[in-house]
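Novice: Counting from 1, position 17 in the sequence shown corresponds to residue 17 in full-length UniProt numbering; the numbering is continuous, with no gaps. Below is the structure I would like to discuss, written out as structure tokens.
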Amino acid sequence: MAKDDAANIHRPAKRLRQEAVWSAGASRELLRLRFRKLRGLFDEAQTVADVHEAWGIVATAINENESLGLQADAVTCSDQLTKLRKQWQDSSAAQLHLMMAECFSQSTTVATSQSARSTLNRAAEEAMVQDAEKVGGETSPKRRKTTEASSSPPASPQVEAPLSPEPVSLSPQTISSTSQSASSPPAEDEEFPRQDEILRLLEIRSQQLERLAHSHQELADWTQKVMAAIVNHQNL
Numbered sequence: 001m002a003k004d005d006a007a008n009i010h011r012p013a014k015r016l017r018q019e020a021v022w023s024a025g026a027s028r029e030l031l032r033l034r035f036r037k038l039r040g041l042f043d044e045a046q047t048v049a050d051v052h053e054a055w056g057i058v059a060t061a062i063n064e065n066e067s068l069g070l071q072a073d074a075v076t077c078s079d080q081l082t083k084l085r086k087q088w089q090d091s092s093a094a095q096l097h098l099m100m101a102e103c104f105s106q107s108t109t110v111a112t113s114q115s116a117r118s119t120l121n122r123a124a125e126e127a128m129v130q131d132a133e134k135v136g137g138e139t140s141p142k143r144r145k146t147t148e149a150s151s152s153p154p155a156s157p158q159v160e161a162p163l164s165p166e167p168v169s170l171s172p173q174t175i176s177s178t179s180q181s182a183s184s185p186p187a188e189d190e191e192f193p194r195q196d197e198i199l200r201l202l203e204i205r206s207q208q209l210e211r212l213a214h215s216h217q218e219l220a221d222w223t224q225k226v227m228a229a230i231v232n233h234q235n236l
């Protein structure tokens, strides 16, 4: 008797598969339950029995929805998902694409795009900081020492006021030496970072910003395509 029960366990399910007629709304509800509302049950399933139990819960939710007018079980739900997946693989214009777009709301799409955009911005900023640290690390100790010395304000010389009111006479030699010392640049300027290093850093940042803009454009195009598919399906 037990052997006969084991042999007949799938016969009622077979009759249900023959009688079940999946409409577009029922298929859409199946995808929503499987990939959104009850997705955690399938992610946490460890055995075949756990997966079958999860599909049973999906079937119960579909049967309780009177607007669908469908009676299904775990096997019919799993078979319908397999058919939808095959349609999706055979043609990119299949209705499954529109159903999947409706399963994931616009808020989810916007949150995903914002998360991806923030990730790209963070990666670009980190790359810029690393490049800046790399260029700064290549600076010689002598140059760093000179730069630190040049950043500190020079001590103001103490000039004693002349005691006599008589004007001080300056010879031509004194005027010439003073003008030469004023026009000559300080020796510390020669130790500043070279201009080619600054230009190289600016070029690296320009390339990173260009790649970031390209990534933003690709993300915007993808989001626009998804939203256009949703709008077109709603207008049908």
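Think of the CB as a built atom: it goes at the ideal place given N, C-alpha and C, for glycine as much as any other residue.
Taking all protein chains shown into account, decide if residue 228 is buried (16 or more other Cβ within 10 angstroms of its Cβ) or exposed.
Specialist: For the purposes of this step, residue 228 is taken as the residue at position 228 of the sequence shown. So residue 228 ends up on the exposed side.
Novice: How do the segment 81-88 and the segment 62-70 stand: do at least 3 beta-carbon pairs fall below 8 Å, yes or no?
Specialist: No contact exists between the segment 81-88 and the segment 62-70.
Novice: Kindly indicate the opening and closing residues of the alpha helix (DSSP H) around residue 50.
Specialist: Here residue 50 refers to the residue found at position 50 when the sequence shown is read from its first residue. Taken as a continuous stretch (DSSP letters only), the alpha helix (DSSP H) holding residue 50 covers 48-64.
Novice: Counting along the chain, where does the alpha helix (DSSP H) carrying residue 29 start and finish?
Specialist: Position 29 of the sequence shown, counting from 1, holds the residue named residue 29. Looking at the DSSP string, the run of the alpha helix (DSSP H) that includes residue 29 is 24-32.
Novice: On the CB-based measure, 16 or more other CB atoms within 10 Å of its CB, does residue 27 come out buried or exposed?
Specialist: Locating residue 27 in the sequence shown gives position 27, counting from the first residue. Looking at its Cβ environment, which holds 16 or more other Cβ atoms inside 10 Å, residue 27 is buried.
Novice: Taking all protein chains shown into account, do 16 or more other C-beta atoms lie within 10 angstroms of the C-beta of residue 76, making it buried, or fewer, making it exposed?
Specialist: By one-based count along the sequence shown, residue 76 stands at place 76. Residue 76 should be labelled buried.
Novice: Taking the alpha-carbon positions, what's the residue 71 to residue 218 distance?
Specialist: Start at 1 with the first residue of the sequence shown, and residue 71 comes out as number 71. Start at 1 with the first residue of the sequence shown, and residue 218 comes out as number 218. Residue 71 and residue 218: Cα-Cα distance of roughly 43 Å.
Novice: Can you give the Cα-Cα distance for residue 203 and residue 209, rounded to whole angstroms?
Specialist: If you number the sequence shown from 1, residue 203 lands on position 203. If you number the sequence shown from 1, residue 209 lands on position 209. Rounded to whole angstroms, residue 203 to residue 209 spans 10 Å at the Cα level.
Novice: Please work out which residues of its chain come closer than 8 Å, Cβ to Cβ, to residue 38, disregarding the five sequence neighbours upstream and downstream, and give them in chain order.
Specialist: In the sequence shown, the residue the question calls residue 38 occupies position 38. Closer than 8 Å at the Cβ level, and outside the excluded window around residue 38, lie 54, 57, 58 and 61.
Novice: Distance check for residue 79 and residue 44, CA to CA, integer angstroms please.
Specialist: Indexing the sequence shown from 1 puts residue 44 at position 44. Indexing the sequence shown from 1 puts residue 79 at position 79. Each residue's alpha carbon lies about 21 Å from the other.
Novice: Tell me the residue span of the alpha helix (DSSP H) that contains residue 35.
Specialist: Residue numbering aside, residue 35 sits at position 35 when the sequence shown is read from its first letter. First-last for residue 35: undefined, no H or E at that position.
Novice: Identify whether residue 73 lies in helix, strand or coil by the three-state DSSP scheme.
Specialist: Locating residue 73 in the sequence shown gives position 73, where the first residue counts as 1. Coil at residue 73, not helix or strand.
Novice: CA-CA distance, residue 224 and residue 74?
Specialist: Reading the sequence shown from its first residue, position 224 is the one you call residue 224. Reading the sequence shown from its first residue, position 74 is the one you call residue 74. Residue 224 and residue 74: Cα-Cα distance of roughly 36 Å.
Novice: Cα separation between residue 20 and residue 226?
Specialist: Along the sequence shown, one-based indexing puts residue 20 at 20. Along the sequence shown, one-based indexing puts residue 226 at 226. Computed Cα separation, rounded: 31 Å.
Novice: Considering only residues of the same chain and omitting the five flanking positions on each side of residue 29, which have a CB-CB separation below 7 Å?
Specialist: Numbered from its first residue, the sequence shown carries residue 29 at position 29. The answer, listed in chain order, is 62, 65 and 68.
Novice: Taking a contact to mean a Cβ-Cβ separation below 9 Å, would you say residue 42 touches residue 34 in this structure?
Specialist: Residue mapping note: residue 42 aligns to position 42 of the sequence shown, counting from 1. Residue mapping note: residue 34 aligns to position 34 of the sequence shown, counting from 1. Cβ atoms of residue 42 and residue 34: closer than 9 Å.
Novice: Quick check: the Cα distance between residue 235 and residue 222, rounded to an integer number of angstroms?
Specialist: Sequence index remark: in the sequence shown, residue 235 carries index 235 (1-based). Sequence index remark: in the sequence shown, residue 222 carries index 222 (1-based). Answer to the nearest angstrom: the Cα atoms are 20 Å apart.
Novice: Can you say whether residue 32 is buried or exposed, counting buried as having 16 or more other CB atoms within 10 angstroms of its CB?
Specialist: Against the sequence shown, residue 32 aligns to sequence position 32. Buried is the call here.
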